[in-house]
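Its first residue numbered 0, the sequence shown is counted upward by one per residue in numbering that gives the first Met the number 0. Glycine residues also receive a C-beta, built at the ideal position from the N, C-alpha and C atoms.
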Amino acid sequence: MTGADDYLVDFTSYKSYSALRSLAAEPFNLKTPGVMSPERIAACRAVGGGFELLFFGQRVARPELAALQELADEARLVEQFAALRRGAVFNRIAGFASEERQVLHCSCRDIFRDRPAEPHATAQAKAELDKLQQFLADLDQGRLTTPQGEPFTGMIQIGIGGSDLGPRALYLALQAYAHPDRRVEFISNVDPDDAARVLKEMDLSRTLVNVVSKSGTTLETLANEELVRRAYRQAGLDPNAYFVAVTGQGSPMDNPANYLRSFYMFDYIGGRYSATSMVGLVMLGFALGYEPVQEILQGAHAADEAAMEPDIMKNPALLLALLGIWNRNFLRHESLAVLPYSQALVRFAAHLQQLDMESNGKSIDRRGQALNWDSGPIVWGEPGTNGQHAFYQLLHQGTGQAPAEFIGFRHSQYGQDLEIQETTAQEKLLANLLAQSLALAVGQDDPNPNRRFPGNRPSSILLADRLTPERMGALLALYEAKVVFQGFVWNINSFDQEGVQLGKRLANRLLEQFAARRRGENPPEDPVGQALLKNAGL
């Protein structure tokens, strides 16, 4: 089977790389008189997967778009994406010890295909979805209740990283569609105050606890699980009657004695790509119901299919990825602001921080060699219009530049609005979104330097009609594909995360110091660690 080793090509060797470098020597000027025209706005539009990408605010015109299309073709980006979906081993570094895994998060939503790209993984996803459907039916029909015979009204999800950020972002995004009598809270940080706050707010006697860990050994998750189990026991409740698990088959957590139900996650789905697996769907099913879960998967599947389109003007994920390459590697911008004009997406930028920075924050290629080009940007952001009254000053007039990706919806989720000064709040929100992108592009000349805006600051806008479960699934998958495409261009492994391991190992050395003290023993010989603890007053 075709795999990552068939695509080990240096980014700088592509003909399109030289063309883009030449174009970047004199970047397209958005402030040129007549450039920002109705014709440009109409032409700078790509549609696919339930979203429209408006990119009139990017420093590109026909020559740049032609070169970016050539880059997509030379790097065989869609071909690589198809190979990934079929099960090729892309999580590897050729010639070095690495995870050596398939990358099959798309299989979670390939259940809607008559012929799935990777049938075995899709069958496993379908089996887990069937288990979830039965679990939710048991809850809804009163077959699964508290020991007191009452329905469950709450769920606490315990997990960290990909077991928290993506699922939490989706839950907050879709609360408008949640079951009115059910509430979900999350515990992720090993800081005990995180668990204490949540436990204080929930009625434990009617609250399920969903513990999510692929290995069943994640330190922070195990610590929080024990804190929560203690709270149940202190309340006179049997934790085993309230806890469910999402874990790897055969892990220490795959234990019917300790959990009401177990749902499986698989090695071929990385944590930050796992929100449409049981990692996110157990909690979302409890909160929203089974049909909205299907709609999330349908939207994600539509985005996966759209990502297979070779024409960048029909593939928003691919075009967004290539515009990011243009800004990062040729215009040399180091960060990316993700600015959703939807309060429901309050934690979506946090999810994208992990998705993008953990995937593409790499400095070696897929052969283990040092990169001679920049890889992933620093990703950050907050919802608009709040951000306009915080950090947009720097976006418009700061000495540095951060390209922006705006996300908006034509209609609100709840539909509760009214006219104030002849316009609705949703119209005010959308007017601000469009105006900010335009202002970043064209700037403003003024004899007063304090009121001068330089312009030529790149941005794009992703638009859809309404943030529904289906559109949320599409948005999630669109950004997953964008990140994957960029990793392919940079010839890096976007699916491991060795960078988090060193800090974990050093933390464990310090924990050995604490544990030895508690046992009254001499701590292990570690002069640096002991000095750190001493000077930290610990």
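What residue from the options has the CA that sits closest to residue i's CA?
i    : options                   : result
N490 : R75, G235, L64 and F55    : R75
F50  : E381, I406, G442 and R456 : I406
A23  : R327, F185 and D190       : R327
E184 : H178, Y176, D190 and R196 : R196
I268 : L19, P309, E421 and F89   : F89
M559 : A244, A256 and N257       : Residue 559 falls outside the range modelled here, since the chain spans only 0 to 537, and no answer is possible.
M282 : N257, L207, L318 and N223 : L207
Starting from the C-beta of residue i, find all residues in its chain whose C-beta is less than 6 Å away, skip the five residues before and the five after it, and write them out in chain order.
i    : result
N425 : Reading off the sequence, residue 425 comes out as Gln, not Asn. Contacts found: S411 and D416.
T384 : N431
V337 : A348, L351, G380 and E404
L259 : V243
Given a threshold of 16 other Cβ atoms within 10 Å of its Cβ, counted over all protein chains shown, does residue i qualify as buried or as exposed?
i    : result
F262 : buried
L466 : buried
P448 : exposed
R182 : buried
I324 : buried
Y413 : exposed
D5   : exposed
S273 : buried
R167 : buried
E294 : buried
A343 : buried
S15  : buried
I419 : exposed
Mapping the DSSP letters down to three states, classify residue i as helix, strand or coil.
i    : result
S334 : strand
P468 : helix
Q174 : helix
T144 : coil
P339 : strand
M154 : strand
A66  : helix
S12  : helix
N492 : coil
A403 : strand
L501 : helix
V211 : strand
N534 : helix
Y478 : helix
T121 : helix
T206 : strand
T422 : strand
W557 : The structure shown has nothing for residue 557, since the chain only spans 0 to 537.
R508 : helix
I363 : strand
M356 : helix
M35  : coil
Q248 : coil
Flag this pair as yes or no: are the beta carbons of residue i and residue j separated by less than 8 Å?
i    : j    : result
S212 : G158 : yes
R112 : E99  : no
G279 : S250 : no
L538 : A348 : Summary: the structure shown does not reach residue 538, with the chain confined to residues 0 through 537, and so no result is reported for it.
A369 : I363 : yes
A316 : L477 : yes
Q443 : Q387 : no
G298 : R470 : yes
V77  : M307 : yes
A126 : R365 : no
Whose C-beta lies closer than 7 Å to the C-beta of residue i among residues of the same chain, with five residues either side of it excluded?
i    : result
D525 : R508 and Q512
D464 : F408, R409 and H410
D310 : none
Between which residues of its own chain and residue i is the CB-CB distance below 8 Å, once the five residues before and five after are set aside?
i    : result
P523 : R508, E511, Q512 and A515
A63  : It should be noted that the sequence gives Glu, not Ala, for residue 63. If we look at E63 and ignore the five residues flanking it on each side, its Cβ neighbours are L19, L22, F27 and W325.
A45  : E51, L52, F54, I311, M312, K313, N314, P315 and L318
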